[in-house]
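A quick write-up on the structure given underneath.
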Amino acid sequence: MIERGHHDMGGLPAGKVERSEHDYPEWQRRVDAMVQILRLAGRITVDELRKNIEGLPPAAYDKLEYYEKWVSSLTQTLIQRGLISTDELGRKMEEVEKRAKGG
Amino acid sequence: MPKVAERAAVAAKYKPGERVRVRKSAPLGHIRTPFYIRGQVGEIERLCGAFPNPEELAQMRSGLPAQPLYRVRFKQKDVWPDYRGPDSDVVEIEIYQHWLEKA
Amino acid sequence: MSEQGSYRPFTYYQLMETSLRELLVEKGILTDEQVNAEVAAMRARTPERGAHVVARAWVDAEFRKRLLANGTAACEELGYEIPGLHLVVIENTPQVHNAIVCTLCSCYPRVLLGLPPDWYKSRNYRSRMVREPRAVLAEFGLRIADTVQIRVHDSTADMRYMVLPMRPKGTEGWSEERLAGIVSRDCMIGVAVPQLAV
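Residue numbers (our numbering), protein chains in the order written: chain A, 41 to 143; chain B, 435 to 537; chain C, 423 to 620.
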């Protein structure tokens with residue numbers, strides 16, 4: 041059902057709150073940092089970021105970690121804004137992956 | 435982004451204490467009026483100010499003229515038929531003027 | 423779930439982060455220095471900042487009034503740079519207990535409390551806190567009497583909320599620093615109240 045966004049969960053039945061906490065790895069902190077820098081520079085808005093998180097498929101919304109959703113959303117936002125292109129991103133990801141594997 | 439005082443704003447229609455209903459509408463796009471509160475009647479607690487419309491900001495538009503934003507107070511017993519708690523319990527939500535109508 | 427220090431292969435999302443950052447640096451949109459500086463600044467934003475504000479409000483009645491009237495301006499008085507934050511501080515009283523949630527995402531006064539805990543962003547908290555706050559608070563070990571009104575604040579827009587808890591009895595004459603020490607992050611979200619150390 042798309043009448044109610046998957047993210048729009050106030051009042052829905054749910055289970056006990058698990059009070060887990062964890063420290064965020066550096067790469068996830070960098071995602072947050074990039075979001076703040078780009079917002080302050082007026083390159084993106086939090087509203088676009090939220091829209092793109094809300095647009096994730098429900099299974100992804102539920103299963104991805106918080107910053108995995110944020111980096112996906114940030115990427116989509118930057119592509120929508122024309123700051124990066126899908127092609128550039130794809131080529132860069134291939135390059136980085138090759139480098140990581142020692143290639 | 436223009437400063438608050440400089441940007442065009444829609445005139446504020448409602449006053450603290452006034453009873454308002456949240457429109458029972460379910461469009462697509464980025465929306466900051468939670469599903470659970472649509473159709474509910476509450477009371478204006480205060481005018482928070484006027485801000486660019488997040489529904490438009492999410493689409494890379496300016497969101498101007500700024501929309502009045504209100505803190506609206508709802509009695510929990512009105513919102514949830516099965517609410518367990520005293521009649522005095524409330525939930526307070528910020529809602530943009532264009533989602534409200536006189537009750 | 424990643425653990426700091428333990429090896430794991432580069433995930434798709436880590437790959438995305440690295441690639442995004444390198445592209446943005448190449449295009450001159452940001453620099454590694456900026457990113458590192460912001461990560462460091464983020465680490466420095468801990469709940470101690472919020473606790474400092476609360477402790478000041480407890481000892482200084484005029485500051486408290488200013489804090490409740492304009493949260494942002496009052497925090498700036500204490501030297502906290504909070505660009506773009508519209509802070510609303512809500513006080514607990516013997517008649518009213520406040521708690522905050524963001525049902526739509528995870529809005530939170532990060533500049534004063536640091537990064538929000540996992541549970542604040544969880545489905546279970548976001549779904550149930552508006553509907554059955556008393557049951558959720560009980561799960562946190564906090565039982566609020568029926569004679570006390572609970573106000574749940576769902577931060578849907580530009581305001582960010584922080585609870586000003588009540589100062590507990592038995593703290594008369596305490597220094598601000600000592601007072602700040604009993605104000606936990608959870609007290610400022612509203613799922614706990616300050617406790618004297620056992």
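Using N, Cα and C, we set each Cβ at its ideal position, and we do this for glycine too.
Close-in-space but distant-in-sequence residues of the same chain around residue i (CB under 6 Å, 5 per side omitted)
i: Leu534 (chain B); result: Val454
i: Ala537 (chain B); result: Arg453, Val454, Arg455, Val475
i: Phe485 (chain B); result: Ala500, Leu503
i: Ala443 (chain B); result: Ala484, Pro499, Ala500
i: Pro488 (chain B); result: Arg466
i: Glu477 (chain B); result: Arg453, Arg507
i: Ser428 (chain C); result: Bear in mind that the predicted position of Ser428 (chain C) carries a pLDDT of just 44, short of 50, making it too unreliable to give a figure here.
i: Ile93 (chain A); result: Lys109, Ser113
Below-8 Å beta-carbon distance, residue i vs any chain B residue
i: Lys91 (chain A); result: yes
i: Thr593 (chain C); result: no
i: Asp568 (chain C); result: yes
i: Lys581 (chain C); result: Sequence check: residue 581 (chain C) is Met here, not Lys. It does; some Cβ of chain B falls within 8 Å.
i: Ile572 (chain C); result: yes
i: Gln120 (chain A); result: yes
i: Asp576 (chain C); result: yes
i: Arg565 (chain C); result: no
i: Arg556 (chain C); result: yes
i: Asp102 (chain A); result: no
i: Gly144 (chain A); result: The structure shown has nothing for residue 144 (chain A), since chain A only spans 41 to 143.
Neighbour flag for residue i against chain A, beta carbons, 8 Å
i: Tyr530 (chain B); result: no
i: Arg553 (chain C); result: yes
i: Phe508 (chain B); result: no
i: Tyr470 (chain B); result: yes
i: Met610 (chain C); result: no
i: Pro516 (chain C); result: no
i: Asp482 (chain C); result: no
i: Leu481 (chain B); result: no
i: Asn546 (chain C); result: yes
i: Tyr502 (chain C); result: no
i: Cys527 (chain C); result: yes
Counterpart residues of residue i in DSSP-defined beta bridges
i: Phe508 (chain B); result: B:Val525
i: Val475 (chain B); result: B:Arg455
i: Phe469 (chain B); result: Phe469 (chain B) pairs with nothing; no bridge assigned.
i: Glu599 (chain C); result: According to DSSP, which records beta bridges pairwise, Glu599 (chain C) is partnered with nothing at all.
i: Asp576 (chain C); result: B:Ile527, C:Val523
i: Ala442 (chain B); result: The partner list for Ala442 (chain B) (beta bridge, DSSP) is empty, contrary to what the question assumes.
i: Lys487 (chain C); result: Answer is none; Lys487 (chain C) lacks a bridge partner.
i: Glu513 (chain C); result: C:Leu586
i: His46 (chain A); result: For His46 (chain A), which the question treats as bridged, DSSP gives no partner whatsoever.
Any chain C beta carbon closer than 8 Å to residue i
i: Thr117 (chain A); result: no
i: Glu58 (chain A); result: yes
i: Ser522 (chain B); result: yes
i: Lys437 (chain B); result: With a pLDDT of 48 at Lys437 (chain B), under the threshold of 50, the predicted position of this residue should be treated as unreliable, and no value is reported.
i: Leu534 (chain B); result: no
i: Val525 (chain B); result: yes
i: Ile84 (chain A); result: no
i: Pro461 (chain B); result: no
i: Arg495 (chain B); result: no
i: Asp127 (chain A); result: no
i: Leu96 (chain A); result: no
Own chain partners of residue i with C-beta closer than 8 Å, once the 5 adjacent residues on each side are dropped
i: Ala567 (chain C); result: none
i: Leu129 (chain A); result: Thr115, Ile119
i: Pro468 (chain B); result: Ile527
Beta-carbon contacts of residue i that lie in its chain and below 7 Å, excluding the five residues immediately before and after
i: Glu598 (chain C); result: Ala477, Arg478, Val481
i: Arg443 (chain C); result: Val457
i: His464 (chain B); result: Pro488, Glu489, Ala492
i: His508 (chain C); result: Thr494, Asp580, Met581, Arg582
i: Lys449 (chain B); result: Ile478
Stretch-stretch touch, CB-based, cutoff 8 Å, three pairs: the segment 574–590 of chain C with the segment 503–513 of chain C: yes
contact_flag[the segment 558–567 of chain C, the segment 82–97 of chain A] where n(CB pairs < 8 Å) is 3 or more: no
The segment 97–111 of chain A touching the segment 132–141 of chain A, judged by at least three CB pairs closer than 8 Å: Contact check between the segment 97–111 of chain A and the segment 132–141 of chain A: fewer than three CB pairs, one atom from each, fall below 8 Å, which does not count as touching.
Three-pair Cβ contact test at 8 Å for the segment 456–466 of chain C versus the segment 505–522 of chain B: no
Contact between the segment 513–527 of chain C and the segment 494–501 of chain C (3+ Cβ pairs under 8 Å): Under the three-pair Cβ rule at 8 Å, the segment 513–527 of chain C does not count as touching the segment 494–501 of chain C.
Contact between the segment 526–542 of chain C and the segment 594–612 of chain C (3+ Cβ pairs under 8 Å): For the pair of segments examined, the segment 526–542 of chain C was found to touch the segment 594–612 of chain C: the number of CB pairs separated by less than 8 Å reaches three.
Sufficient close CB pairs (3 or more, under 8 Å) joining the segment 536–554 of chain C to the segment 49–56 of chain A: yes
Contiguous alpha helix (DSSP H) assignments of at least 4 residues, all confined to the segment 440–484 of chain C: 454–466, 469–481
Unbroken stretches of the beta strand (DSSP E), 3 residues or longer, contained in the segment 520–563 of chain C: none
4 or more residues per run - each alpha helix (DSSP H) lying fully within the segment 56–132 of chain A: 66–80, 86–94, 98–103, 106–121
Contact residues within the segment 59–81 of chain A, judged by C-beta distance below 7 Å to chain F: Here the protein chains are A, B and C, and chain F is not one of them.
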